[in-house]
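Trainee: Got a structure here, written out as structure tokens. Questions coming.
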Amino acid sequence: MAKPQVRQYAGDIRMWRIAADGSKIPVIPEPDDAQGNQPIEVNAKTFSYEAGDEINVVSKRLGSRYNQPIYSDTLPGTTSISLALLEIPPAIMARILYGQAADASVEAGSVTDAAVTIARIDAPTQLDNRFIQASPAPVVKKGSTTLVPGTDYSLDLRRGQLMPLAGGSLEAGDAITVSYSYPALTASRILGGATPVESFYITGDLQDRISGEYGELEVFEARLSPDGEIDWLASEPISPTLAGPTIVPDGVPAPYVFTTYKQVP
20 MAKPQVRQYA GDIRMWRIAA DGSKIPVIPE PDDAQGNQPI EVNAKTFSYE AGDEINVVSK
80 RLGSRYNQPI YSDTLPGTTS ISLALLEIPP AIMARILYGQ AADASVEAGS VTDAAVTIAR
140 IDAPTQLDNR FIQASPAPVV KKGSTTLVPG TDYSLDLRRG QLMPLAGGSL EAGDAITVSY
200 SYPALTASRI LGGATPVESF YITGDLQDRI SGEYGELEVF EARLSPDGEI DWLASEPISP
260 TLAGPTIVPD GVPAPYVFTT YKQVP
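Its first residue numbered 20, the sequence shown is counted upward by one per residue in the working numbering.
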């Protein structure tokens with residue numbers, strides 16, 4: 020008697036962003052990975068299918084034949100994919116926040132007498148850099164006068180924000196100069212309000228943990244966006260779901276292909 024085909028898959032899911040020119044950008048770049056793209060932690064992966072419209076042609080002849088179907092068909096439907104993520108790499112962060120991201124890297128350096136205008140005295144003024152180093156101590160001047168930290172202003176080193184203090188020498192509209200040093204850093208700025216839909220190429224290197232059978236999944240293009248609301252202050256780690264339809268690009272046989280294989284004993 021054949022062994023029951025009970026299945027329990029585990030595997031590595033990798034995602035690539037599909038750029039406007041068709042190039043594929045790894046979601047988690049990793050030079051040491053064989054594909055240059057580290058697998059992403061996924062809690063669930065599901066496919067769904069929505070059937071197309073049904074077409075019925077009915078008879079208009081007399082008698083009992085009237086209005087009876089003489090032809091019926093169903094138009095092709097839409098295949099969709101859903102991924103519940105356990106991690107949110109920077110390449111996907113903007114999608115989750117319903118926005119568009121621009122990544123940047125800053126080399127270590129320093130500024131000397133950088134011109135800054137105090138816009139308001141009841142709100143901090145943002146400097147050009149963050150993680151400002153405490154040594155050498157930043158210097159803030161108003162004209163030729165060196166201002167005193169803790170008296171004229173406070174400086175949030177991590178955020179690079181200068182806050183005028185009540186009773187100090189700073190007023191709204193004042194022109195000051197700031198000198199400081201800063202380390203190298205990477206940053207990502209997300210602009211909210213953009214359409215949070217992006218195309219992804221997805222692969223899966225899977226194995227049935229029960230039978231030992233391997234599987235190769237290839238989703239040629241999926242147009243994914245956040246599915247449902249996301250609580251960024253949840254007590255548990257955030258696990259967003261990306262979902263959307265799969266696309267059939269030119270030259271591929273179907274929205275996705277899943278191939279299983281097992282070595283013959």
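Virtual Cβ for every residue (Gly too), placed ideally from N, Cα, C.
The model shown is predicted, which means the values in this text are computed figures rather than measured ones.
#1: Between the C-alpha atoms of lysine 161 and arginine 178, what's the straight-line distance to the nearest angstrom?
#2: What did DSSP end up calling glycine 187 once you bin it into helix, strand or coil?
#3: Identify the residues that DSSP records as bridge partners of serine 67: which are they?
#4: List in chain order: all unbroken beta strand (DSSP E) runs of 3+ residues lying wholly within the stretch 182–228.
#5: Alpha helix (DSSP H) containing alanine 113: first to last residue?
#6: Can you list, in chain order, the residues of its chain with a C-beta nearer than 8 Å to that of asparagine 75? Leave out the 5 residues immediately preceding and following it.
#7: For arginine 208, which residues from the same chain have a beta carbon less than 6 Å from its beta carbon, with the 5 sequence-adjacent residues on both sides left out?
#8: Whose CA, out of Leu184, Leu102, Pro183, Tyr280, lies closest to the CA of isoleucine 32?
#9: Which one or two residues does DSSP pair with serine 244 in a beta bridge?
#10: Let me know the beta strand (DSSP E) ranges lying completely inside the stretch 131–173, each 3 residues or longer, listed in chain order.
#11: In this structure, does DSSP put arginine 84 in helix, strand or coil?
#12: Using the C-alpha atoms, what's the distance from lysine 64 back to leucine 105?
#13: With DSSP as the reference, label methionine 20 as helix, strand or coil.
#14: Do alanine 191 and isoleucine 137 count as a contact pair if the criterion is CB distance below 7 Å?
#15: Can you tell me whether arginine 33 is helix, strand or coil according to DSSP?
#16: From which residue to which residue does the beta strand (DSSP E) around serine 42 run?
#17: Between the C-alpha atoms of aspartate 193 and serine 154, what's the straight-line distance to the nearest angstrom?
#18: Pick from Ile195, Lys79, Ser198, Tyr172: whose alpha carbon is nearest that of glycine 187?
#19: Does the Cβ-Cβ distance between phenylalanine 150 and proline 109 come in under 7 Å?
Mentor: The short version:
#1: Position 142 of the sequence shown, counting from 1, holds the residue named residue 161. Position 159 of the sequence shown, counting from 1, holds the residue named residue 178. If you take the alpha carbons of lysine 161 and arginine 178, they lie about 22 Å apart.
#2: Counting from one through the sequence shown, the residue named residue 187 turns up at place 168. In this structure, glycine 187 counts as coil in the three-state DSSP scheme.
#3: Within the sequence shown, numbered from 1, the residue matching residue 67 stands at position 48. DSSP output for serine 67 lists Ser99 as bridge partner(s).
#4: 194–201, 204–211, 217–227
#5: Translated into positions along the sequence shown, residue 113 becomes position 94. Counting along the chain, the alpha helix (DSSP H) containing alanine 113 begins and ends at 109–115.
#6: As a working mapping, residue 75 is identified with position 56 in the sequence shown. These residues qualify, in order along the chain: Pro88, Tyr90, Ser91.
#7: Position 189 of the sequence shown holds residue 208. So the list reads Ala121, once near-sequence residues are dropped.
#8: As a working mapping, residue 32 is identified with position 13 in the sequence shown. The shortest C-alpha separation from isoleucine 32 is found at Leu102.
#9: For the purposes of this step, residue 244 is taken as residue 225 along the sequence shown, with counting starting at 1. Answer is Ala262, bridged to serine 244.
#10: 158–161
#11: As a position in the sequence shown, residue 84 is number 65, starting the count at 1. Three-state result, arginine 84: helix.
#12: Looking up residue 105 in the sequence shown gives position 86. Looking up residue 64 in the sequence shown gives position 45. So the two alpha carbons sit approximately 12 Å from each other.
#13: For the purposes of this step, residue 20 is taken as residue 1 along the sequence shown, with counting starting at 1. If DSSP states are grouped into helix, strand and coil, methionine 20 belongs with coil.
#14: The residue you call residue 137 lines up with position 118 of the sequence shown. The residue you call residue 191 lines up with position 172 of the sequence shown. Contact flag set, yes.
#15: Translated into the one-based positions of the sequence shown, residue 33 becomes position 14. Strand at arginine 33.
#16: The residue labelled residue 42 in the question sits at position 23 within the sequence shown. Taken as a continuous stretch (DSSP letters only), serine 42 belongs to no beta strand (DSSP E), as it is neither H nor E.
#17: Along the sequence shown, read from residue 1 onward, the residue named residue 193 stands at position 174. Along the sequence shown, read from residue 1 onward, the residue named residue 154 stands at position 135. Looking at the two C-alpha atoms, the distance is approximately 26 Å.
#18: Along the sequence shown, read from residue 1 onward, the residue named residue 187 stands at position 168. The shortest Cα separation from glycine 187 among Ile195, Lys79, Ser198, Tyr172 belongs to Tyr172.
#19: For this step, residue 150 is matched to residue 131 along the sequence shown. For this step, residue 109 is matched to residue 90 along the sequence shown. No. Outside cutoff.
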